[in-house]
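A.B. asks: Pasting a structure here, questions to come.
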Amino acid sequence: MKKGIFLFFLIFVSTHFLGMEKAWGQCGPCTITFSGNGNPTPNRNIQDGDVVCILGNRSSRINLRNRDDLTICIANGVIYSNDFANLNGDDITINNYGQFGDPGTNRDLRIRESQVLNNFGSVFFRNVTNEGLINSSSGTLTVERDLENDEGILNLGNTSVGGDFINNNLVTLAGSLTVEDDLDNDDNDAIIRPLNTNQCNTISVGGDIDTDDGRITGNNLTGPFKAPLLVNKSPDDGNLTGGAIVDPSLDCSDTNGPPSGGCWQYIDDGTVSGIVIIEFFDDCVWEAPTGLLEFEVLVVGGGGGGGADAGGGGGAGGLVHARALVSEIESEGLPVNSSFNIDIGPGGDGSTTDEDPGQDGSSTTFDLGGIYEVIAAGGGGGGSSDSEGANDGFDSSISSTTGFSVVGGNLFGSSGGGAGNDGNNGDRGQGGTDGNRGGRGDENAGGGGGGVEGDGQNADEEEGGNGGGGIQIMIFDDRIYAAGGGGGGVDSGGTGGSSVGGDGGEEDEDGEDGLTPGSGGGGGGEDANGGVGADGVVIVRYEIARILPVEFLSFQSTYHLAKRTGLLEWSTSKEWENSHFEIERAINTVKEWETIGRVEGQGYSQSPVSYSFEDTQLPAAGGMVYYRIKQVDFDGKSSYSVTRSVRVNPVASNLSWVAYPVPSQVGTAIQLELLNPEAYHDELIGVTVSSVTGVAETFLFRNPNELQESMAQKLAQMPRGLYLVNISWGEKSQQVKLLIQ
3 MKKGIFLFFL IFVSTHFLGM EKAWGQCGPC TITFSGNGNP TPNRNIQDGD
53 VVCILGNRSS RINLRNRDDL TICIANGVIY SNDFANLNGD DITINNYGQF
103 GDPGTNRDLR IRESQVLNNF GSVFFRNVTN EGLINSSSGT LTVERDLEND
153 EGILNLGNTS VGGDFINNNL VTLAGSLTVE DDLDNDDNDA IIRPLNTNQC
203 NTISVGGDID TDDGRITGNN LTGPFKAPLL VNKSPDDGNL TGGAIVDPSL
253 DCSDTNGPPS GGCWQYIDDG TVSGIVIIEF FDDCVWEAPT GLLEFEVLVV
303 GGGGGGGADA GGGGGAGGLV HARALVSEIE SEGLPVNSSF NIDIGPGGDG
353 STTDEDPGQD GSSTTFDLGG IYEVIAAGGG GGGSSDSEGA NDGFDSSISS
403 TTGFSVVGGN LFGSSGGGAG NDGNNGDRGQ GGTDGNRGGR GDENAGGGGG
453 GVEGDGQNAD EEEGGNGGGG IQIMIFDDRI YAAGGGGGGV DSGGTGGSSV
503 GGDGGEEDED GEDGLTPGSG GGGGGEDANG GVGADGVVIV RYEIARILPV
553 EFLSFQSTYH LAKRTGLLEW STSKEWENSH FEIERAINTV KEWETIGRVE
603 GQGYSQSPVS YSFEDTQLPA AGGMVYYRIK QVDFDGKSSY SVTRSVRVNP
653 VASNLSWVAY PVPSQVGTAI QLELLNPEAY HDELIGVTVS SVTGVAETFL
703 FRNPNELQES MAQKLAQMPR GLYLVNISWG EKSQQVKLLI Q
């Protein structure tokens with residue numbers, strides 16, 4: 003019988019450790035283990051590249067000795083109630099599945115620039131400073147005093163801060179943030195936004211909120227709640243944007259109609275149609291999606307108020323329908339932080355005296371920092387019985403230095419108000435460019451206000467004239483916009499244009515208010531007041547498909563010799579409908595790729611997001627290992643990153659076959675790999691797996707690749723125990739011992 007060559011996998015396992023399969027699976031493989039207070043196993047100082055596992059409750063402080071390239075894991079169900087001494091090294095990752103810190107502690111935590119804390123459990127510290135990356139969206143964070151995000155990225159779940167919260171960079175929130183004192187979000191780079199709307203996102207602040215130079219935004223996210231982000235009070239400086247609203251009750255359940263104090267609502271959130279349509283009904287800021295290639299906007303000015311005492315109807319506000327083809331100038335679409343300021347023009351008040359005409363409506367503007375500005379003028383007020391005349395309309399406009407503006411076919415100036423009765427000698431208002439004029443008054447009636455689709459009608463003795471018609475633009479919604487108000491009359495009032503302008507009053511009735519955005523108010527009847535013009539509106543429409551999906555900002559690969567792993571790190575500049583990333587690998591060739599892992603995406607993000615993946619099963623034979631990342635959208639569409647590579651050193655061994663990882667756990671795919679290809683000459687390969695109880699099973703394979711793929715699956719299904727694997731091919735054989743925990 004030939005002498006067997008043995009490869010031993012040695013590990014010391016305590017009874018306590020065997021009961022913690024879940025913890026080991028999350029934390030392993032470990033190079034140094036703390037099972038409670040006392041010395042680690044093995045009993046030595048921590049070195050660069052160590053994987054430090056805390057697998058039992060511990061209150062004694064662990065000294066990291068300023069080492070670099072560390073991975074520290076606090077296992078599920080374990081309490082580590084202290085901080086780490088000398089946590090000053092580079093490239094340190096802390097994975098917490100249990101409890102890190104302790105309520106009421108006098109310890110502080112500082113995460114430095116190249117350090118990461120991934121919190122899936124609970125974290126308790128007196129003060130926390132973040133200069134690197136803290137991922138706590140799936141855990142809880144409690145800070146007794148102050149939390150400072152100093153140039154780092156802070157992804158929060160449910161978080162409580164007993165003092166001040168100072169943010170100088172990016173914070174994403176998936177849950178509730180409670181700050182007892184002040185929230186300072188005043189840095190130019192300071193952004194607080196929801197991660198998603200899978201949960202109700204709220205911010206409660208006991209002191210002041212300062213966000214003069216920063217932003218607190220709902221990120222224009224959709225969801226089942228009345229807003230993507232609710233804040234219990236208004237900032238002292240600056241505004242909430244992107245759909246974030248003030249709600250002292252922080253009640254997310256009320257979804258009936260637009261939120262109180264909000265400035266926008268969805269006409270269509272795009273979930274079914276793929277087209278997003280947003281209506282802005284109050285002054286607001288639209289934070290356009292990064293990478294948006296094309297959008298359309300409808301801008302309508304406020305309607306004019308009606309005149310008094312058999313007065314004329316108010317003129318319609320101006321209307322602009324513009325289409326922006328961004329991709330003609332910017333191939334990557336709108337850049338990050340493209341914020342459009344929106345000012346909604348209010349409708350003019352109706353006149354309450356026969357000496358004054360109705361008030362003009364105000365202009366509505368849609369403005370990208372002065373480089374792309376759309377203005378829809380306000381409509382002219384209707385004349386009253388003793389006013390000098392009705393008011394004229396004004397010009398609407400588009401001004402752009404971007405080069406991507408294309409008018410979609412509609413640019414109307416506002417329309418003039420209708421003349422009052424004979425007292426003003428029929429002096430009707432004139433329209434702005436491409437606007438329309440109001441109708442003439444008669445002896446005891448006012449003319450109709452002009453609409454965007456026609457002049458107002460003249461009065462006929464004691465019957466007020468009808469208002470000019472409005473316009474319907476079906477790609478936004480089915481409303482009719484910017485109609486003229488009807489004139490008031492002693493006998494009967496005129497009808498508002500398209501039945502949405504305000505009707506004129508008859509006899510002693512007041513004129514009716516305009517019903518749809520930009521429509522004029524009706525003129526008052528005899529000795530009666532004019533109606534109020536309707537406010538303007540801005541509606542934005544874009545196709546989700548016209549947004550560039552995920553943009554890779556960076557992608558790098560690093561080989562860690564001490565751990566013999568490949569670390570992949572990548573970041574995205576923005577994301578839209580990003581489901582996940584699939585990590586693909588090829589060895590010594592770029593023709594044959596395999597998927598080795600998956601990382602979940604953010605879904606939607608307007609800001610940079612960082613990701614990482616560690617390949618712990620590098621080929622034992624070494625060689626060039628190539629990586630690429632496949633990004634997958636929610637609808638299954640995908641795209642690839644560039645390809646990166648690392649050169650891997652072979653495992654130092656004089657054996658033909660090697661097994662890894664060392665050690666292995668139940669459910670892990672154990673690789674049996676041919677380390678020395680020169681020792682194999684196309685023979686059939688027999689593999690016999692024997693347990694310590696004497697149960698054996700034999701398999702036959704045609705080549706090493708078939709063996710490696712099949713045995714990885716079979717060994718992953720094996721129960722815990724010690725196994726002897728005998729591999730034979732031709733005249734050669736080798737034995738390997740495996741310990742599966």
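Numbering-wise (my numbering), the sequence shown opens with residue 3 and increments by one.
Ideal placement from N, C-alpha and C gives every residue a C-beta, glycine not left out.
Remember, it's a predicted structure, so these values are computed and weren't measured experimentally.
1) If you draw a straight line from the alpha carbon of L570 to that of S37, how long is it in whole angstroms?
2) Quick check: what's the CA-CA separation for G507 versus V287?
3) DSSP three-state call for A714: helix, strand or coil?
4) Taking only the alpha-carbon atoms, compute the straight-line gap between P296 and G314 and give it to the nearest angstrom.
5) Check whether the stretch 38-57 touches the stretch 559-566, taking contact to mean three or more Cβ pairs, one atom from each stretch, closer than 8 Å.
6) Going by beta carbon distance, what residues of the same chain come within less than 6 Å of R112, once the five residues before and after it are set aside?
7) Cα-Cα, which of F703, T695, E115 and E708 is closest to E133?
8) Between which two residues does the beta strand (DSSP E) holding W595 run?
9) List the endpoints of the continuous beta strand (DSSP E) containing L702.
10) Could you check if Q604 is buried or exposed, using at least 16 other CB atoms within 10 Å of its CB as the buried criterion?
11) Write down the C-beta distance between L57 and A87 rounded to the nearest angstrom, noting that I regard them as a contact closer than 8 Å.
12) Where does A681 sit, in a helix, a strand or coil, going by DSSP?
13) Please report the distance separating the alpha-carbon of E616 from that of I74.
14) For I546, which three-state DSSP category applies?
15) Identify, in the order they occur along the chain, each residue of the same chain with its Cβ nearer than 7 Å to the Cβ of G471, setting aside the five sequence neighbours on each side.
16) Based on the DSSP secondary-structure assignment, which residues constitute the bridge partners of G568?
17) Helix, strand or coil: how does DSSP classify N707 here?
18) Among the residues of its own chain, which have a CB less than 6 Å from the CB of L119, if the five just before and after it don't count?
19) What residue range does the beta strand (DSSP E) around I477 cover?
20) Under 7 Å Cβ to Cβ from T208, same chain only, skipping five residues before and after it: list those, please.
21) For chain B, find out if any of its Cβ atoms is closer than 8 Å to the Cβ of G453; answer yes or no.
22) DSSP three-state call for G499: helix, strand or coil?
23) Would you report the Cα separation of G688 and T700, rounded to the nearest angstrom?
24) In the DSSP assignment, the beta strand (DSSP E) including R112 goes from what residue to what residue?
25) Would you identify the three-state DSSP class for V54, choosing helix, strand or coil?
26) Hey, could you find the ends of the beta strand (DSSP E) Q633 is sitting in?
27) Report all residues from its chain with a CB closer than 6 Å to the CB of I205; omit the five preceding and five following residues, and keep chain order.
28) DSSP state of V80, grouped into three classes?
29) Would G523 pass as a contact of G516 if the rule is Cβ separation under 8 Å?
30) Specify the secondary structure class of G259 as computed by DSSP and reduced to three states.
C.D. replies: For this structure:
1) Put simply, the backbone Cα of L570 is about 30 Å away from that of S37.
2) Using only the alpha carbons, I get a separation of about 38 Å.
3) Note: A714 maps to helix in three-state DSSP.
4) The residue asked about is misnamed: residue 296 is Glu in this sequence, not Pro. When rounded, the distance between both Cα atoms is 41 Å.
5) Yes: the two stretches touch, three or more of their Cβ pairs being nearer than 8 Å.
6) T131, listed in sequence order.
7) Comparing Cα positions, the closest option is E115.
8) Under the DSSP assignment, W595 falls outside any beta strand (DSSP E); it carries neither an H nor an E label.
9) That run of the beta strand (DSSP E) goes A698 to F703.
10) Burial check for Q604: the Cβ neighbour count within 10 Å reaches 16 or more, so the residue is buried.
11) At roughly 20 Å, the Cβ-Cβ gap does not stay under 8 Å, so L57 and A87 are not in contact.
12) Correct three-state label for A681: helix.
13) One Cα belongs to E616, the other to I74, and the distance between them is close to 14 Å.
14) Correct three-state label for I546: helix.
15) So the list reads G453, E455, G456, A485, G499 and S500, once near-sequence residues are dropped.
16) Note: G568 sits in a beta bridge opposite Y561 and D617.
17) The three-state reading of DSSP puts N707 in helix, counting H, G and I together.
18) Taking L119 as the centre and dropping the five residues before and after it, the same chain places the C-beta of I96, I113 and I136 closer than 6 Å to its C-beta, in chain order.
19) Looking at the DSSP string, I477 is not in any beta strand (DSSP E), and its letter there is neither H nor E.
20) Before going further, note that residue 208 is Gly rather than Thr in the sequence given. Listed in chain order, the non-local C-beta contacts of G208 below 7 Å within the same chain comprise V181, E182 and D183, local neighbours out to five positions each way being set aside.
21) In summary, chain B is missing from the structure at hand, where a single protein chain is found.
22) It is helical.
23) Going from the Cα of G688 to the Cα of T700 covers about 7 Å.
24) DSSP places R112 in the uninterrupted beta strand (DSSP E) bounded by L111 to I113.
25) For V54, the three-state secondary structure derived from DSSP is strand.
26) Counting along the chain, the beta strand (DSSP E) containing Q633 begins and ends at G625 to D635.
27) Closer than 6 Å at the Cβ level, and outside the excluded window around I205, lie L179 and V233.
28) Look at V80 here: in three-state DSSP terms it is coil, with no helix or strand label.
29) Contact flag set, yes.
30) For G259, the predicted model reports a pLDDT of 39, less than 50, meaning its position is unreliable; a value from the coordinates is still stated below. In the structure shown, G259 sits in coil (DSSP, three-state: anything other than H, G, I, E or B).
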